[in-house]
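Undergrad:
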Amino acid sequence: QVQLVESGGGLVQPGGSLRPSCAASGSRSRLNAMAWYRQAPGKQRELVAGDISGCTTKYADSVKGRFTISRDSAKNTVYLQMKRLKPEDTAVYYCNADPGRVYNGTYWGQGTQVTVSS
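And the structure:
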């Protein structure tokens with residue numbers, strides 16, 4: 027049973043930074059795809075940033091230049107460095123992973139709330 031556990035969300039002022047993390051456990055195979063999604067109230071869940079095998083990354087246009095995804099394969103952990111946060115970044119952020127090289131994969135975390143407000 028694969029488990030993804032997010033941590034590191036919280037309340038931050040506009041212009042601030044956060045670095046949530048997602049630790050994976052229980053997988054018998056390498057999780058090639060790891061990604062972060064977010065869902066704001068009344069909106070659809072969207073891909074924020076993704077990483078395939080540590081080689082290919084993808085970012086939503088709205089976060090390019092501000093967010094960076096990284097992974098520590100030895101720890102089965104993926105991070106999302108978020109800088110210059112804006113109120114519109116407020117959402118529940120979900121970790122997603124899959125053994126295949128695909129986004130919107132099989133496994134989901136429980137989510138961590140990120141609120142950007144003064």
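Under my numbering, the sequence shown is numbered contiguously, ending at residue 144.
Where a beta carbon is used, it is the ideal one built from N, C-alpha and C, also for glycine.
Counting only C-beta atoms, is K84 closer than 8 angstroms to chain B at any point?
TA: Within the model displayed, chain B is absent; a lone protein chain is all it includes.
Undergrad: Within 10 angstroms of the Cβ of T132, are there 16 or more other Cβ atoms? Answer buried if so, exposed if not.
TA: The residue given as residue 132 occupies position 106 in the sequence shown. T132 should be labelled exposed.
Undergrad: Measuring CB to CB, does E32 end up less than 8 angstroms from G135?
TA: One-based indexing of the sequence shown puts residue 32 at position 6. One-based indexing of the sequence shown puts residue 135 at position 109. Contact: yes.
Undergrad: Compare the beta carbon distance of D152 and I95 with 8 angstroms and say whether it is the shorter of the two.
TA: Because residue 152 is not part of the residues shown, which for the chain are 27 to 144, the question remains open.
Undergrad: Who are the Cβ neighbours of N58 in its own chain at under 8 angstroms, not counting the five residues just before and after it?
TA: As a first step, residue 58 is located in the sequence shown; it is residue number 32 there, counting from the start. Hits under 8 angstroms: I78, S79, D124, P125, G126 and R127.
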